[in-house]
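First the structure, in the form of structure tokens, and then the observations on it.
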Amino acid sequence: MTSINCVDLNQLADDIKRWGKELGFQYTGIADIDLSKHESRLTDWLEKGYHGEMHFMEEHGLKRARPSELLPGTLRVISVRLNYLPPDASFAQHLSDPNIGYISRYALGRDYHKVLRKKLKHLGKKIEAQVPGIVFRPFTDSAPVLEHALAEKAGSGWTGKHTLTLSKDGGSWFFLGELFVNLPLPTDTEVEENCGECTACITMCPTQAIVAPYTVDARKCISYLTIEYDGVIPEDYRPLIGNRIYGCDDCQLVCPWNRYAHITEESDFFARKTLHGQTLSTLFSWDEKTFLKNTEGNPIRRIGFQKWSRNLVIAMGNAPYSKETIQLLENRLHNTTEMVATHIKWALTQQHNKANQYKEMTRHTGRLVRIVEKGLPRDA
Numbered sequence: 012m013t014s015i016n017c018v019d020l021n022q023l024a025d026d027i028k029r030w031g032k033e034l035g036f037q038y039t040g041i042a043d044i045d046l047s048k049h050e051s052r053l054t055d056w057l058e059k060g061y062h063g064e065m066h067f068m069e070e071h072g073l074k075r076a077r078p079s080e081l082l083p084g085t086l087r088v089i090s091v092r093l094n095y096l097p098p099d100a101s102f103a104q105h106l107s108d109p110n111i112g113y114i115s116r117y118a119l120g121r122d123y124h125k126v127l128r129k130k131l132k133h134l135g136k137k138i139e140a141q142v143p144g145i146v147f148r149p150f151t152d153s154a155p156v157l158e159h160a161l162a163e164k165a166g167s168g169w170t171g172k173h174t175l176t177l178s179k180d181g182g183s184w185f186f187l188g189e190l191f192v193n194l195p196l197p198t199d200t201e202v203e204e205n206c207g208e209c210t211a212c213i214t215m216c217p218t219q220a221i222v223a224p225y226t227v228d229a230r231k232c233i234s235y236l237t238i239e240y241d242g243v244i245p246e247d248y249r250p251l252i253g254n255r256i257y258g259c260d261d262c263q264l265v266c267p268w269n270r271y272a273h274i275t276e277e278s279d280f281f282a283r284k285t286l287h288g289q290t291l292s293t294l295f296s297w298d299e300k301t302f303l304k305n306t307e308g309n310p311i312r313r314i315g316f317q318k319w320s321r322n323l324v325i326a327m328g329n330a331p332y333s334k335e336t337i338q339l340l341e342n343r344l345h346n347t348t349e350m351v352a353t354h355i356k357w358a359l360t361q362q363h364n365k366a367n368q369y370k371e372m373t374r375h376t377g378r379l380v381r382i383v384e385k386g387l388p389r390d391a
């Protein structure tokens, strides 16, 4: 076993960053584990109930801000960044077409937990080869870790007002991962905050979930409602969800720093054709077996078929009037769970209201056309 005293830690830190680049990470930095300044903010956030029904966050409490309690002996955290923005993201095209199901762009390809964990384990093994006997553990949004605070300390970027990590050279379209190690490696310098007076993310949030700079009330957030929340989505939020059937990217889309975002080179994150740009009716036609097949190895699978159906139903209620939509909803109404049926009844009401509006509009337009035809010598 190599003694830590025999290791050139500065050289090892340089090697770690080189290995990170070889593994495809856009940034690899090293942070100490002092997150004490974040404890009061975390406590306040939890006490206000902003975590909603994510009870695991409350159960872990301040453990999130104390890495050495998660992995005893931890001295440093290696924070990595991996771009995920797929080619042909088609943001505007899909958001502007209410008949298409919009899926947050991080969830169009392979489950990032699998991709990052594999790379982080590989990085840990490389370090272990240099320093046998070290203790390391990879994390990818799968444990109580303040990943954004650690990324900030590691110099990866700063925490934006939407609470996501931002980078001058990469925007925010990236995943974060961490490797806890029991090595006293030299640390990187924190990046200065660069949001300035900009409040675009706060202003443009559809549900006003960013209740203050750097504070998100998850109970209002579309990502939380469509992914984490298991129950009946409050009616007030349903029209605001629009056609977003899994997650929401709005706060990132309006961020000026994302003009510097890069397309991912990871083919695992390229969009699956079965998910990307599909119509609501196509996605709603899936049975549970098809859902499981088309989401195998994809993060959407973990929300399950019922929540997936619930989200689609809300989007169908928000879509333009369509006889086909009404028929699809009616066919499912008595062949689903009570939770989904509750949303179907709401969606049918929305569709029938639009049908009445459509009939009135058609009647008005017909009358107008007849007047024009009678009153004008030609269709000028």
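Numbering (our numbering), first residue to last: 12 to 391.
Ideal Cβ positions, reconstructed from N, Cα and C, are used throughout, including at glycine.
Bear in mind the structure is a predicted one, so any value in this text is a computation, not a measurement.
Approximately 12 Å separates the beta-carbon atoms of THR336 and SER296; this is outside 8 Å, ruling out the contact.
Within the same chain, ASN329 come within 6 Å of GLY253 by CB-CB distance, once the 5 residues on both sides are set aside.
For GLY40, the enclosing beta strand (DSSP E) starts and ends at 38-42. When ILE311, LEU344, ALA358 and LEU286 are compared, the shortest CA-CA separation from SER101 is found for LEU286. Distance from the CA atom of CYS232 to the CA atom of THR218, rounded to whole angstroms, is 7 Å.
Taking a C-beta distance under 8 Å as the contact criterion, ILE114 and TYR257 qualify as a contact pair. Within a 10 Å sphere around the beta-carbon of ARG313 sit fewer than 16 other beta-carbons, which makes this residue exposed.
Counting along the chain, ARG92 sits inside no alpha helix (DSSP H); it lies in the beta strand (DSSP E) bounded by residues 87-94. Judged by their CB atoms, LEU177 and TRP169 are nearer to each other than the 8 Å cut-off.
Distances from the CA of GLU64 to each of LYS356, ASP55, THR275 and ASP241 were compared; the closest alpha carbon is that of ASP241.
Here the alpha carbons of THR290 and ASN342 stand approximately 18 Å from one another. Under the DSSP assignment, PHE316 falls in the alpha helix (DSSP H) whose first and last residues are 315-329. Residue state for TRP169 is assigned as strand, using DSSP reduced to three classes. Taking 8 Å as the cut-off, the Cβ atoms of GLU50 and ALA76 count as close. Residue range 185-192 is occupied by the beta strand (DSSP E) that includes GLU189.
When DSSP states are grouped into helix, strand and coil, ARG249 belongs to the helix group. In the same chain as THR353, and ignoring 5 residues on each side of it, the C-beta atoms closer than 8 Å to its own belong to VAL243, in chain order. Per DSSP, the continuous alpha helix (DSSP H) segment holding ALA162 begins and ends at 158-164. The C-alpha of GLN263 is placed about 20 Å away from the C-alpha of LEU157. Between the alpha carbons of LEU53 and ASP26 lies a distance of about 34 Å. The beta carbon of GLU69 is closer than 7 Å to those of LEU57 and HIS62 in its chain, skipping five residues each way along the sequence.
PHE147 has VAL192 as its beta-bridge partners, per DSSP. Ranked by how close their Cα comes to the Cα of PHE67, the residues MET215, ASP152 and ALA165 have ASP152 in first place. In the assembly as shown, THR210 is an exposed residue. Its beta-carbon has fewer than 16 other beta-carbons within 10 Å.
For ARG312, there is no enclosing beta strand (DSSP E), as DSSP marks it with neither H nor E. Beta-bridge analysis with DSSP links LEU177 to TRP169. With a beta-carbon spacing of about 29 Å, ILE111 and LYS172 fall beyond the 8 Å limit used to define contacts. When the alpha-carbon of ARG270 is set against those of LYS179, PHE191 and LYS318, the nearest one is in LYS179. In the displayed model, THR348 falls within coil according to three-state DSSP, outside both helix and strand. In the displayed model, ARG255 falls within a strand according to three-state DSSP.
The criterion of a C-beta distance shorter than 8 Å is not satisfied by GLY166 and GLY72. Taking 8 Å as the cut-off, the beta carbon of PRO149 is found closer than this to the beta carbon of ARG128. Closest by C-alpha distance to VAL192, out of ASN346, LEU86, ASP55 and TYR123, is LEU86. For VAL126, the three-state secondary structure derived from DSSP is helix. For ILE221, the enclosing beta strand (DSSP E) begins and ends at 221-223.
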